[in-house]
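S.K.:
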Amino acid sequence: MPAAVINFAYLLASALFIFALKGMSHPRTAVRGNLLGALGMFIAVLVTVLDRRIISYEIILAGLVVGAGVGAVLAVRIQMTAMPQMVALLNGFGGAASALVAGAALAETIHVGGAFGLQLTVATALSGLIGGVTFLGSLVAFGKLQELITGAAVVFPGRHAVNAVFLLINIALCVFVVMQPEQLLWYWLLLAAACILGILATIGIGGADMPVVISLLNSYSGLAACATGFVLQNNMLIIAGSLVGASGIILTQIMCKAMNRSLANVLFGGFGAQAVTKGDDIYKGKVKAASPEEIAMLLENAQRVAIVPGYGMAVSQAQHAVRTLSALLEKRGAEVFFAIHPVAGRMPGHMNVLLAEADVPYEALKEMDVANPLFPQTDVSIIIGANDVVNPLARTDPKSPIAGMPILDVDKSRTVVVIKRSLSPGFAGIPNPLFAADNTLMFFSDGQKAVNDIINALKES
Amino acid sequence: MELFVTTLTIFVLAIFVGFEVITKVPPTLHTPLMSGSNAISGITLVGAVLSAGTQHTTLTTVLGFLAVVFATINVVGGFLVTHRMLGMFKRK
Chain A
-5 MPAAVINFAY LLASALFIFA LKGMSHPRTA VRGNLLGALG MFIAVLVTVL DRRIISYEII
55 LAGLVVGAGV GAVLAVRIQM TAMPQMVALL NGFGGAASAL VAGAALAETI HVGGAFGLQL
115 TVATALSGLI GGVTFLGSLV AFGKLQELIT GAAVVFPGRH AVNAVFLLIN IALCVFVVMQ
175 PEQLLWYWLL LAAACILGIL ATIGIGGADM PVVISLLNSY SGLAACATGF VLQNNMLIIA
235 GSLVGASGII LTQIMCKAMN RSLANVLFGG FGAQAVTKGD DIYKGKVKAA SPEEIAMLLE
295 NAQRVAIVPG YGMAVSQAQH AVRTLSALLE KRGAEVFFAI HPVAGRMPGH MNVLLAEADV
355 PYEALKEMDV ANPLFPQTDV SIIIGANDVV NPLARTDPKS PIAGMPILDV DKSRTVVVIK
415 RSLSPGFAGI PNPLFAADNT LMFFSDGQKA VNDIINALKE S
Chain B
510 MELFVTTLTI FVLAIFVGFE VITKVPPTLH TPLMSGSNAI SGITLVGAVL SAGTQHTTLT
570 TVLGFLAVVF ATINVVGGFL VTHRMLGMFK RK
């Protein structure tokens, strides 16, 4: 197939990728967008397979079959609550693929005795660096989310120095790759060092900061593809890679803003490893526990009810029970809305996907800016598995680790019901005065069981 | 050098397009956005296919094969799981 035709097909694929992301601007158009993206990918791979330089198909076919099999099984079987792990894993594989392709391109150039342009060598080094960091960084994120390793921030003395040393080693190896590209060993050393850097960079970040980490790794996987595009001088890779890179950066920014923390603080702050303050004096004698019957009584008379989900809802798989409760309340004439904090859960949009899985219509899901003005006119707010994102200390205590973080103003609603196993603090390790507020009732229980108890109590009344 | 500038131009413009398009994505679709964009970053598959198929040396073939596997998991898993998720977003 002539090069012009191939490049034309690549242009078409690039345009389809842009349409794919454009489709994501609304749930109505998103399905079609995603299909257009898949079509673009199909076209791109198809014309590549028809390239004259390819002399054998067995290896390609074997790789495609294995990859498609694993990918399909993962995609079909993964639970919606485990979506953050899935995305982390896919990020990592994307990064690894890019680094391997750049390595292969370098080995090919050495083999055929081709010229090492500066673009080729610099891009190869970047591809190895970003790809390696993305691969192992994503695997660590996966391990944390899957709870294969501790979800807490792992901090050790002198870790900043160790990180700095490894960063320098990586930079030095990048320079070696650029200076002596004919020595393939430098590239492999770089890849190994980048992998270690990826581990070091993510191991010190706590579980609840994973939304930022996954967004950032998402961006890296795009940038790795982009760098590989520079290696292969392939515009489509560059376009697709930069689209993904931009997407990840925007999500990272949104997540950091929603926590009022800088990216540097998230990455290096060791948040989530600090000593936990118990807050016994805050809670003492002020916490009121309620029974499901009492809560049902409250809900019976409520005209507007807010449901505020957090990671705890995902952990106890309570989304279906929550949906049943909201449907029951709506049948009784109440207005129910869901208030979603941007960093609720373990990845951007985590709660929305879970609630969508449970058939909650997306119109009922309100962003923080829309939800907050509604709370003063809300009769009952039910918090299920959320803690730091509803902690009023963010507004009142400038010394608090979450100071200035925008929160959901649930404390302004007439009554707050908090469903939680215990008074244990959230990720920030600080007590939550909301639990001791006059208008708050605590329901100590597992999320799913609690919601079912309330549903039963409501039905019996 | 001239070729590099052209490539760089494409890169910079694509970043701008990315920012424009992505800022319009509502928070409710942020998870499908990530998995979907993730699938797109599997585009590195085309490079992998070339390495695996041209078979310059055993090394490049092995690297190509591994890259094809990783990238295909990325592409197929990403698009499929996004499709599955998006099918759940319904109106009233």
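Sequence lines, in order, name chains A and B. When we follow our numbering, the leftmost residue of the first sequence carries the number -5, and every step to the right adds one. When we follow our numbering, the leftmost residue of the second sequence carries the number 510, and every step to the right adds one. Even glycine gets a Cβ: it sits at the ideal position worked out from N, Cα and C. This structure is a prediction, so every number in the text was calculated from the model and none was measured.
Which residue comes first and which comes last in the alpha helix (DSSP H) that contains B:S550?
M.R.: Position 41 of the second sequence, counted from the start, is the residue given in the question as residue 550 of chain B. Per DSSP, B:S550 belongs to the alpha helix (DSSP H) from 539 to 550.
S.K.: So, do the stretch 45 to 62 of chain A and the stretch 553 to 572 of chain B have three or more beta carbon pairs nearer to each other than 8 Å?
M.R.: Because the criterion of three Cβ pairs below 8 Å is met, the stretch 45 to 62 of chain A and the stretch 553 to 572 of chain B touch.
S.K.: Among A:A147, A:A99, A:F331, A:L44, which one has its Cα closest to the Cα of A:T196?
M.R.: Numbered from its first residue, the first sequence carries residue 196 of chain A at position 202. A:T196 has its Cα closest to that of A:A147, out of A:A147, A:A99, A:F331, A:L44.
S.K.: Assuming contact is defined by CB atoms lying nearer than 8 Å, are A:L94 and B:F579 in contact in what I supplied?
M.R.: Taking the first residue of the first sequence as position 1, residue 94 of chain A is located at position 100. Taking the first residue of the second sequence as position 1, residue 579 of chain B is located at position 70. Yes.
S.K.: List, in order along the chain, the chain B residues whose C-beta lies closer than 8 Å to that of A:H105?
M.R.: As a working note, residue 105 of chain A is residue 111 in the first sequence. Ordered by position in chain B, the residues that pass the 8 Å Cβ test against A:H105 are H565, T566, T569.
S.K.: What does the alpha-carbon distance come out to for the pair A:I143 and A:G137?
M.R.: Locating residue 143 of chain A in the first sequence gives position 149, where the first residue counts as 1. Locating residue 137 of chain A in the first sequence gives position 143, where the first residue counts as 1. Spanning the two alpha carbons is a distance of roughly 5 Å.
S.K.: Report yes if the C-beta distance between B:L595 and A:V25 is below 8 Å; otherwise report no.
M.R.: Position 86 of the second sequence holds residue 595 of chain B. Position 31 of the first sequence holds residue 25 of chain A. Yes, they are a contact pair.
S.K.: Given that a residue counts as buried once 16 or more other Cβ atoms are within 10 Å of its Cβ, and exposed if not, what is A:R22?
M.R.: Position 28 of the first sequence, counted from the first residue, corresponds to residue 22 of chain A. It counts as exposed.
S.K.: On the three-state DSSP scale, how would you describe A:T271?
M.R.: The sequence position of residue 271 of chain A within the first sequence is 277, counting from 1. Coil.
S.K.: In the stretch 36 to 55 of chain A, which residues sit with their C-beta less than 7 Å from some C-beta in chain B, listed in chain order?
M.R.: When CB distances to chain B are screened at a threshold of 7 Å, the residues of the stretch 36 to 55 of chain A falling below it are A38, V39, T42, V43, D45, R47, I48, I49, S50, Y51, I53, I54, in chain order.
S.K.: Using three-state DSSP, classify B:M510 as helix, strand or coil.
M.R.: What you label residue 510 of chain B is simply residue 1 of the second sequence in a count that begins at 1. Looking at B:M510 - three-state DSSP - the assignment turns out to be coil, as it is neither helix nor strand.
S.K.: Cβ closer than 7 Å: which chain A residues qualify as neighbours of B:T591?
M.R.: Taking the second sequence and counting its residues from 1, one reaches residue 591 of chain B at position 82. Residues of chain A passing the Cβ test: N28.
S.K.: Exposed or buried, what is A:V156 when buried is set at 16 or more other beta-carbons lying within 10 Å of its beta-carbon?
M.R.: As a working mapping, residue 156 of chain A is identified with position 162 in the first sequence. It is exposed - the Cβ of A:V156 has fewer than 16 other Cβ atoms within 10 Å.
S.K.: Mind the definition here: the stretch 280 to 298 of chain A touches the stretch 426 to 435 of chain A only if three or more C-beta pairs lie below 8 Å; say whether that holds.
M.R.: yes
S.K.: Identify which residue in A:G65, A:T115, A:G201, A:A187 has its Cα closest to the Cα of A:L226.
M.R.: Mapped onto the first sequence, residue 226 of chain A falls at position 232. Out of A:G65, A:T115, A:G201, A:A187, A:T115 has the C-alpha closest to the C-alpha of A:L226.
S.K.: Using a cut-off of 7 Å between C-beta atoms, extract the partners of B:V577 located in chain A.
M.R.: As a first step, residue 577 of chain B is located in the second sequence; it is residue number 68 there, counting from the start. Correct list: I54, G57, L58, G61.
S.K.: Step through the CB atoms of chain A and report whether any lies within less than 8 Å of the CB of B:V558.
M.R.: Taking the second sequence and counting its residues from 1, the one referred to as residue 558 of chain B is at position 49. The C-beta of B:V558 comes closer than 8 Å to at least one C-beta of chain A.
S.K.: If we require 4 or more residues per run, which alpha helix (DSSP H) segments fall completely within the stretch 210 to 257 of chain A?
M.R.: 229 to 251
S.K.: Does DSSP put A:T434 in a helix, in a strand, or in coil?
M.R.: Indexing the first sequence from 1 puts residue 434 of chain A at position 440. Here A:T434 sits in strand by DSSP.
S.K.: Since A:G86 and A:T128 should fall inside the 8 Å C-beta cutoff, what is the C-beta to C-beta distance between them, to a whole number of angstroms?
M.R.: Here residue 86 of chain A is taken as the residue at index 92 of the first sequence, counted from 1. Here residue 128 of chain A is taken as the residue at index 134 of the first sequence, counted from 1. Contact flag correct, Cβ pair sits at about 6 Å.
S.K.: Around the C-beta of A:G122, are 16 or more other C-beta atoms found within 10 angstroms, so that it is buried, or is it exposed?
M.R.: As a working mapping, residue 122 of chain A is identified with position 128 in the first sequence. Looking at its Cβ environment, which holds 16 or more other Cβ atoms inside 10 Å, A:G122 is buried.
S.K.: DSSP three-state label for A:L359, please.
M.R.: Counting from 1 along the first sequence, the entry for residue 359 of chain A is found at position 365. The three-state reading of DSSP puts A:L359 in strand, counting E and B together.
S.K.: Tell me the rounded alpha-carbon separation between A:L40 and B:V585.
M.R.: Reading the first sequence from its first residue, position 46 is the one you call residue 40 of chain A. Reading the second sequence from its first residue, position 76 is the one you call residue 585 of chain B. Taking the straight line joining both Cα atoms gives about 15 Å.
S.K.: What residue range is occupied by the uninterrupted alpha helix (DSSP H) comprising A:I54?
M.R.: Your numbering for residue 54 of chain A matches position 60 in the first sequence. Looking at the DSSP string, the run of the alpha helix (DSSP H) that includes A:I54 is 52 to 71.
S.K.: Given a cut-off of 8 Å, decide if B:V577 and A:G27 are closer than it, judged by their beta-carbon atoms.
M.R.: Counting from 1 along the first sequence, the entry for residue 27 of chain A is found at position 33. Counting from 1 along the second sequence, the entry for residue 577 of chain B is found at position 68. Contact: no.
S.K.: May I ask you to verify whether the stretch 67 to 77 of chain A touches the stretch 340 to 353 of chain A, counting CB pairs closer than 8 Å and requiring at least 3?
M.R.: yes
S.K.: Indicate the three-state DSSP secondary structure (helix, strand or coil) for B:T563 in the structure shown.
M.R.: Along the second sequence, one-based indexing puts residue 563 of chain B at 54. Three-state DSSP puts B:T563 in a helix.
S.K.: Can the beta-carbon of A:V383 be found less than 8 Å from the beta-carbon of A:A312?
M.R.: Translated into the one-based positions of the first sequence, residue 383 of chain A becomes position 389. Translated into the one-based positions of the first sequence, residue 312 of chain A becomes position 318. For A:V383 and A:A312, no; Cβs fall outside 8 Å.
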